[in-house]
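Novice: Okay, here's the structure, questions in a sec.
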Amino acid sequence: MKLRVRFFSLYSDVAGDSVDVELEDGARVKDVVRVITSLYPRLKELFADIKPIVLVNGVARNSEYKLSEGDEIAFIPPASGG
Amino acid sequence: MDVKTGVIRGSLSLDKIVEEVTRVSVELGGGAVVCFVGFVKGLVDDKKVFRLDYTAYEPYASRKLEEIAREEAARYKLLAVRVYHRIGELKPGEPTIYIVVVSRSREEAFEGARSILERVKREAPIFKLERREDGDYWIIGDRGRVKRSR
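Here you go:
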């Protein structure tokens, strides 16, 4: 299945604004993390330093969350509005 | 309750917002307006700030602003709430966020406005990059500033 992955704030410096990935049906958030940290190795150390919040279609999900075709997965750091 | 929120690019007239919220709440017993306006600092850590670059994850940032405004309006019995957050490149002195609330009492208005602000800062997917004389810094929640490395 095809998924759109988006990056915000300091993560976008490493991985750009977005990337499309293709994973097997039944993939979970942790599988997306595995693929993008392989694509962008610097993300791995960045995620270890500043743990991202993972949003799936705008809702925070954990690493076991099961994804569906067309989902948008966003990696964001803690917010800094105001 | 009368709630309007948004992620915006331009500035707004605070006078017009106050006039509007007063008008919609006067017949409901409203008697207190509290306004909060955040603006870009010109000096941080003794370093000159050139500008802040704000980005938002839409449509979720707009939805979160509305959710926060409605929940806090119910919690503090606010009669009217306006929350507008700006994005884009903002220079020192330029407004970044407007929060205006109306209630029957000043206590609820002050507490409600503060609660909305704290939640927006923590929960809305809005991010800022501080561009200053000693480099660029991402501002990361409670952690503070992380120097841009690219």
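As you go down the protein sequences, you meet chains F and W in turn.
If you number the first sequence the way the working numbering does, the last residue is 88 and the count never jumps.
If you number the second sequence the way the working numbering does, the last residue is 317 and the count never jumps.
All residues carry an ideal CB built from backbone N, CA and C; glycine is no exception.
1) Helix, strand or coil for Arg67 (chain F), going by three-state DSSP, please let me know.
2) Using a threshold of 8 Å, state whether the C-beta atoms of Ala223 (chain W) and Ser272 (chain W) are closer than that.
3) Any Cβ of chain F within less than 8 Å of the Cβ of Arg130 (chain W)?
4) Is it the case that the segment 63-80 of chain F contacts the segment 33-42 of chain F, given that we only count it when at least three CB pairs across the two stretches are under 8 Å?
5) Going by alpha carbons, who is nearest to Ile56 (chain F) out of F:Glu78, F:Ile82 and F:Val62?
6) Is Ala247 (chain W) helix, strand or coil when you go by DSSP?
7) Could you spell out the range, first to last residue, of the beta strand (DSSP E) harbouring Glu256 (chain W)?
8) For Asp301 (chain W), which beta-bridge partners are listed by DSSP?
9) For Asp26 (chain F), which beta-bridge partners are listed by DSSP?
10) With distances taken from CA atoms, which of F:Asp37, F:Leu9 and F:Leu49 is nearest Val20 (chain F)?
Specialist: The relevant details are as follows:
1) Three-state DSSP puts Arg67 (chain F) in coil, outside helix and strand.
2) For Ala223 (chain W) and Ser272 (chain W), no; Cβs fall outside 8 Å.
3) Outside the displayed range of chain W (168 to 317) lies residue 130 (chain W), so it cannot be described from this structure.
4) Counting Cβ pairs under 8 Å, three or more are found: they touch.
5) Nearest C-alpha to Ile56 (chain F): F:Ile82.
6) The DSSP-derived three-state label of Ala247 (chain W) is strand.
7) In the DSSP annotation of this structure, the continuous segment of the beta strand (DSSP E) that includes Glu256 (chain W) starts and ends at Gly255 to Leu257.
8) According to DSSP, Asp301 (chain W) bridges with nothing at all.
9) Within the DSSP bridge table, the entry for Asp26 (chain F) names F:Arg10 as partners.
10) That would be F:Leu49, whose Cα lies nearest to the Cα of Val20 (chain F).
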